[in-house]
Amino acid sequence: MNERDLVPSDVTILDLLRKRRWMSVSDFRDALGVTATAVRQRLTRLMAQGYVRREAIESAGRGRPSHRYELTTEGRRKTGANFGDLAIALWQEMRGITDAEVRRGLLQRLSNRLAELYSSQIQGDSLAERMESLAALFQERQIPFDVRIDENQLPVLTAHACPYPELAEQDATICAMERMLFSDLLGEPVNLDECRLDGDPCCTFCGSDRDFVVLTGRR
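Its first residue numbered 1226, the sequence shown is counted upward by one per residue in this note's numbering.
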């Protein structure tokens, strides 16, 4: 199991915090009907994963310091949210922009903003290493990506599922935005070599020099 995967008891704690904003160990103990030790073990795991943070609160007496627990930004993202409907509505509004240059500029700004969010998690000196890092980023979000080396000894990033399935079903422009995003994150232009919307089994992305290598046999 991935270290950031959640077990059912973890989900219950996150859901309680989403509803109540913050809780103490005794609050969790009463709500869950388990021991304080069991609660602390779960909270320690969730803090290590970055989903929960702890804050000291004033205590009137002696003994164990009192703390309250609340969701981090990452924890709020992990719990239920209605972002999907909002994203689709915003995307539909963007599609309504008739000026192609304005629409493309907005796509580029959206790609740049996402790249700012993800860039710190992309590591590696070579394109293959950065692709591996990008694949790991999406795998953490339960979206299967992997990297293989093709017959020309060049890395190919493969998406086995679409990160934006509902949007992609409505408008293939999302693929253009994704290509811009990957180019920003990988530090060089990439091509969308195959696309599920065109009937291919997977979406694959490769470096922009791949066509030159395939046609000439030279790097």
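Idealized CB from N, CA, C, for every residue including glycine. All figures in this text were calculated on a predicted structure; none of them were measured in a lab.
For threonine 1383, the enclosing beta strand (DSSP E) begins and ends at 1380-1384.
The criterion of a C-beta distance shorter than 8 Å is satisfied by leucine 1382 and phenylalanine 1430. Excluding the 5 residues flanking it on each side, threonine 1260 has same chain C-beta neighbours closer than 8 Å at Arg1254, in chain order. Secondary-structure assignment with DSSP links threonine 1429 through a beta bridge to Thr1383, Glu1419.
Across the structure, valine 1327 and glycine 1321 are spaced so that their CA atoms are roughly 11 Å apart. Going by beta carbons, leucine 1352 and glycine 1275 fall outside the 8 Å limit. Residue environment for proline 1380: buried (at least 16 other C-beta atoms within 10 angstroms of its C-beta).
DSSP links isoleucine 1238 through a beta bridge to no other residue. As DSSP reads the structure, alanine 1281 sits in a beta bridge with His1292.
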